[in-house]
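S.K.:
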């Protein structure tokens, strides 16, 4: 049976990774307080439904819909693995006509990836909607997302006619458009967010804000890179080994990586002191943000404190959509003006996001 390991081993590895990522997604989405006590390395701020009970309705619908789709996808792909590795174990004819559950991956991955990519397009629009180039980028992201999703559906429909591995080589063009289009869309999103966050970081005069923006930049690179790399690995394995199942391992993982990236992005707002927790609107859509900048003036050995409110709109997690009409004016008649971090209060108090 060694000659069939190239067909069965990737299915086993992909199924195991699929379940692992589902567990990660479940913890990020809907862990209970009791479960959190059993896992001291986790915190309630990592759980979407606990941390953001007042999140905007459409975002909650998006999160729970994608979570439900991922549960269904896991069940169907597990049926696929069970059919190959248990029910038909030792029967090589199973590879001549695969079970119906083999069709699940492209459909569910196409839906989840396009949904997450269009969510990021909306975020970019909120942050820089006054810029023409940002609007063009948003349209490009949406078009790429719909293109790769449609390519996944069409490719899956063509494969459903026979469900035979021997015909996979004939689907090469559709798979390339699907996976390379998905990777290209992720790259556009990552680069655009990096440009926006770098611009904000370059223009901020405050040290602590600079550190927060740096963390956002690192988070953007990490989340954008993981889906792009897996999509590229999937298409490379498919091109080089079209008559095997080697590409199935990254393919099983791709959809849940997109959903996990979405939840990681949303939950990161809690760690950054942002987001709709108890009362207030979500910061995910250009809602108002009030920041109090704590400055200290030193006059002849005496220290006085003043607070300068700054008005912004946008989402702290994805960056800051600065309102150019509102400016901070600080007038001093001293020689030394320094930023200080008060031990009893945060330098920046950010709320109502």
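Residue numbers (the numbering used here): 67 to 419.
Ideal Cβ positions, reconstructed from N, Cα and C, are used throughout, including at glycine.
#1: Can you check which of these residues, 289, 291, 290, 312, is closest to residue 39 by C-alpha distance?
#2: Residue 273 lies in the alpha helix (DSSP H); which residues open and close that run?
#3: Pick from 201, 265, 191, 170: whose alpha carbon is nearest that of residue 223?
#4: Would you grab the beta carbon distance between residue 420 and residue 331 for me? Rounded to a whole angstrom, and I think it's under 8 Å.
#5: Using a Cβ distance threshold of 8 Å, determine whether the segment 143 to 163 contacts the segment 180 to 198, with at least three qualifying pairs required.
#6: Straight-line CA distance for residue 364 to residue 205?
#7: Given 8 Å as the limit, is there contact between the segment 312 to 321 and the segment 71 to 89, that is, 3 or more CB pairs closer than that?
#8: Can you tell me which of 131, 270, 251 puts its alpha carbon nearest to the alpha carbon of residue 293?
#9: With H, G and I counted as helix, E and B as strand and the rest as coil, what does DSSP make of residue 156?
#10: Hey, how far is the Cα of residue 75 from the Cα of residue 141?
#11: Whole angstroms are fine: how far does the CA of residue 297 sit from the CA of residue 179?
#12: Taking residue 259 as the reference, give the member of 305, 160, 126, 200 with the closest Cα.
#13: Taking the C-alpha atoms as reference points, what is the distance between residue 461 and residue 321?
#14: Mapping the DSSP letters down to three states, classify residue 185 as helix, strand or coil.
#15: Taking the C-alpha atoms as reference points, what is the distance between residue 196 and residue 228?
#16: Determine, using beta carbons only, whether residue 192 and residue 329 come nearer to each other than 9 Å.
#17: Excluding the 5 residues flanking residue 86 on each side, which residues of the same chain have their C-beta closer than 6 Å to its C-beta?
#18: Are residue 29 and residue 235 closer than 9 Å when you measure CB to CB?
M.R.: In short, the structure shows the following:
#1: Since the first and last residues shown for the chain are 67 and 419, residue 39 lies out of range.
#2: Taken as a continuous stretch (DSSP letters only), the alpha helix (DSSP H) holding residue 273 covers 273 to 306.
#3: Check the Cα spacing between residue 223 and each of 201, 265, 191, 170: the tightest is with 170.
#4: The displayed coordinates of the chain run from 67 to 419. Any statement about residue 420 would go beyond what the structure contains.
#5: Under the three-pair Cβ rule at 8 Å, the segment 143 to 163 does not count as touching the segment 180 to 198.
#6: For residue 364, the predicted structure reports a pLDDT of 37, less than 50, and the residue's modelled location is therefore unreliable. The matter cannot be settled from this model.
#7: Touching, yes.
#8: Ranked by how close their Cα comes to the Cα of residue 293, the residues 131, 270, 251 have 251 in first place.
#9: Annotated three-state conformation of residue 156 is coil, per DSSP.
#10: One C-alpha to the other measures close to 19 Å.
#11: About 11 Å.
#12: When each option's Cα is compared against that of residue 259, the closest is 200.
#13: The chain is shown from 67 up to 419; residue 461 falls before or after that span and cannot be answered.
#14: Of the three classes helix, strand and coil, the one that applies to residue 185 here is helix, per DSSP.
#15: Between the C-alpha atoms of residue 196 and residue 228 there is a straight-line separation of about 50 Å.
#16: Their beta carbons are not under 9 Å apart, which means residue 192 does not touch residue 329 by this criterion.
#17: Answer for residue 86: no residue qualifies.
#18: Since the displayed the chain opens at 67 and closes at 419, residue 29 lies outside it and no answer follows.
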